[in-house]
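Heads up: the sequence shown begins at 533 in the working numbering, then just goes up one per residue.
Just so you know, even glycine gets a beta-carbon here, dropped at the ideal spot from N, CA and C.
Please read all numbers here as calculations on a predicted model, not as lab measurements.
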Amino acid sequence: MTEQVKFEKRDTLKEKPDNSNLGFGQYFTDYMLSYDYDADKGWQDLKIVPYAPFEISPAAQGLHYGQAVFEGLKAYKYNDEVVLFRPDENFKRINNSLARLEMPEVDEDVLLEGLKQLVDVERDWIPEGEGQSLYIRPFVFATEGILGVRASHSYKLLIILSPSGAYYGGDTLKSTKIYVEDEYVRAVRGGVGFAKVAGNYAASLLAQTNANKLGYDQVLWLDGVEQKYVEEVGSMNIFFVENGKIVTPALNGSILPGITRKSIIELAQDLGYEVEERRVSIDELFEAYDKGELTEVFGTGTAAVISPVGTLRYEDREIVINNNEPGEITTKLYNEYTGIQNGSLEDRHGWRFVVPRY
Ligand code: COI
Numbered sequence: 533m534t535e536q537v538k539f540e541k542r543d544t545l546k547e548k549p550d551n552s553n554l555g556f557g558q559y560f561t562d563y564m565l566s567y568d569y570d571a572d573k574g575w576q577d578l579k580i581v582p583y584a585p586f587e588i589s590p591a592a593q594g595l596h597y598g599q600a601v602f603e604g605l606k607a608y609k610y611n612d613e614v615v616l617f618r619p620d621e622n623f624k625r626i627n628n629s630l631a632r633l634e635m636p637e638v639d640e641d642v643l644l645e646g647l648k649q650l651v652d653v654e655r656d657w658i659p660e661g662e663g664q665s666l667y668i669r670p671f672v673f674a675t676e677g678i679l680g681v682r683a684s685h686s687y688k689l690l691i692i693l694s695p696s697g698a699y700y701g702g703d704t705l706k707s708t709k710i711y712v713e714d715e716y717v718r719a720v721r722g723g724v725g726f727a728k729v730a731g732n733y734a735a736s737l738l739a740q741t742n743a744n745k746l747g748y749d750q751v752l753w754l755d756g757v758e759q760k761y762v763e764e765v766g767s768m769n770i771f772f773v774e775n776g777k778i779v780t781p782a783l784n785g786s787i788l789p790g791i792t793r794k795s796i797i798e799l800a801q802d803l804g805y806e807v808e809e810r811r812v813s814i815d816e817l818f819e820a821y822d823k824g825e826l827t828e829v830f831g832t833g834t835a836a837v838i839s840p841v842g843t844l845r846y847e848d849r850e851i852v853i854n855n856n857e858p859g860e861i862t863t864k865l866y867n868e869y870t871g872i873q874n875g876s877l878e879d880r881h882g883w884r885f886v887v888p889r890y
């Protein structure tokens, strides 16, 4: 029998937002999951508590030295059924991130059970419109108040929930404009690029703001050594359709191993496409474009789902891909991926985890 997670009820529930104008990550539900770690006792006190500010030591190590990791996944509601998409993969990855930052790993099954119970409590918050879902943000940070640089002896894990719409706003499959970053780099091999650590995102913001000022949505990062090979976009992995083949940068230690990336590779292969995971240079892409061989570009991510890239700018050159429209393969993959999520297509890989009513 499943054990019931401790549940601290709040006195009054919040007013729910207008689902026609959700944006991304702006609203939070009534409750969150909380789990604490102490070096003597290990992970303990798993509970569902009211979503609210909490106290933290001003000397908490997570605030000073960046011991902080996070995840992103989604819950969907279709025909009254609530489904999590591949949560097991997120909890595997959070443990890889924790290990890299010398933080204590969690029991993935305990966390999954806690999440299911939290999402069950919050099922009325899950929006059901096109492209909408309940975005789930698990995160862990160091709480010990001591300024010596060493691994903290205490941590907090929280999972918060945010009813959300499309990441880039507007419609699903909206084309994005991407700036190829040629000054700053995101990660280097041997570093923390493969982990979902807060600092990776902090390090990306200056370049992103610069790109936004020039009218671009996000930056495409090049490798940290030669600044020649494509790695990933700010909040998504990247795919190219070259000569009918789907090409994506191979995971090399400095690229985030995206769960949507992994799912899209499997679905593309199911559909009979050849998928190459390899080094892709930015020069190769512009040369392929000139020959008419670069026909589609798209990004993948939990928040971004599948986002077509309509414009790519590198140094002084800007190219427009497929007339700024989502391409045929991009659209096919989007329909396949979202069809499995919403249950209209067979879940042949066992990716849907139905949330029971407890
Ligand atoms: C996600 O896709 O869930 C992400 O974590 C990307 C971004 C919102 C940070």
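Excluding sequence positions up to five away, which residues of its chain have a Cβ less than 6 Å from the Cβ of residue i?
i	result
K706	Y700
G594	A600, F673 and A674
N769	G790, R793 and T832
R618	I791 and W883
Which two residues bound the contiguous alpha helix (DSSP H) that contains residue i?
i	result
Q740	L737 to K745
Q873	E860 to N874
Q593	Q593 to Y597
G731	A730 to A734
Taking just the CA atoms, how far does residue j sit from residue i?
i	j	result
T675	K728	19 Å
Y608	G574	32 Å
S665	G766	21 Å
G677	T843	46 Å
M533	Q873	Low per-residue confidence applies at M533: pLDDT is 45, beneath 50, and the placement is therefore not dependable, though the value from the model is reported in the following sentence. Looking at the two C-alpha atoms, the distance is approximately 27 Å.
Y583	G557	14 Å
S795	N744	29 Å
V779	V773	6 Å
R884	E660	16 Å
D848	R655	49 Å
K709	Q759	20 Å
V757	K823	28 Å
N628	G785	12 Å
E868	D577	40 Å
L746	L737	14 Å
A734	E535	38 Å
A698	L679	40 Å
K777	N855	19 Å
Y569	G804	46 Å
E662	A683	43 Å
State yes or no: is the C-beta of residue i within less than 8 Å of the C-beta of residue j?
i	j	result
V829	V841	yes
T819	I787	Note on identity: in this sequence residue 819 is Glu, with Thr being the wrong assignment. For E819 and I787, no; Cβs fall outside 8 Å.
F560	I692	yes
N775	E825	yes
R669	S694	yes
Y748	L754	no
F623	E634	no
G875	E713	no
A782	E809	yes
V672	L644	no
I838	L865	yes
G859	T827	yes
V615	V886	yes
P789	F726	yes
S686	A591	no
G598	A719	no
T834	L605	yes
I588	E603	no
I851	Y821	yes
Y711	V681	no
Y846	I797	no
Ordered along the chain, which non-local residues of its own chain (more than five positions away) have a Cβ less than 8 Å from that of residue i?
i	result
I580	V537, K538, F539, E540, Y563, M564, L565, S566, G646, Q649, L650 and V653
V717	W753, L754, D755, G756 and Q759
L554	P659, Q664, P695, S696 and G697
Using beta carbons (cut-off 8 Å, strictly below), is residue i in contact with chain B?
i	result
T561	In the structure shown, chain B cannot be found, because there is only a single protein chain.
At what residues does the beta strand (DSSP E) containing residue i begin and finish?
i	result
G831	L826 to G833
A600	A600 to F602
L565	Y563 to D570
W575	G574 to P582
I838	V837 to Y846
Only counting the same chain, and skipping five residues up and downstream in sequence, which positions put a Cβ closer than 7 Å to that of residue i?
i	result
P909	Because residue 909 is not part of the residues shown, which for the chain are 533 to 890, the question remains open.
Q801	V807
K546	D562
N732	R718, A719, V724 and G725
D879	I872
H881	E798
Check: Can you list, in chain order, the stretches of the beta strand (DSSP E) that have 3 or more residues and sit fully within the stretch 781 to 820?
Finding: Secondary structure remark: continuous beta strand (DSSP E) runs of at least 3 residues inside the stretch 781 to 820, in chain order: 807 to 810.
Checklist line | Whole alpha helix (DSSP H) elements within the stretch 606 to 639, 4-residue minimum | finding: The qualifying runs are 619 to 632.
Item checked: Inside the stretch 680 to 713 only - beta strand (DSSP E) runs reaching at least 3 residues -> Those beta strand (DSSP E) runs which fall completely within the stretch 680 to 713 and span 3+ residues are 686 to 696 and 708 to 712.
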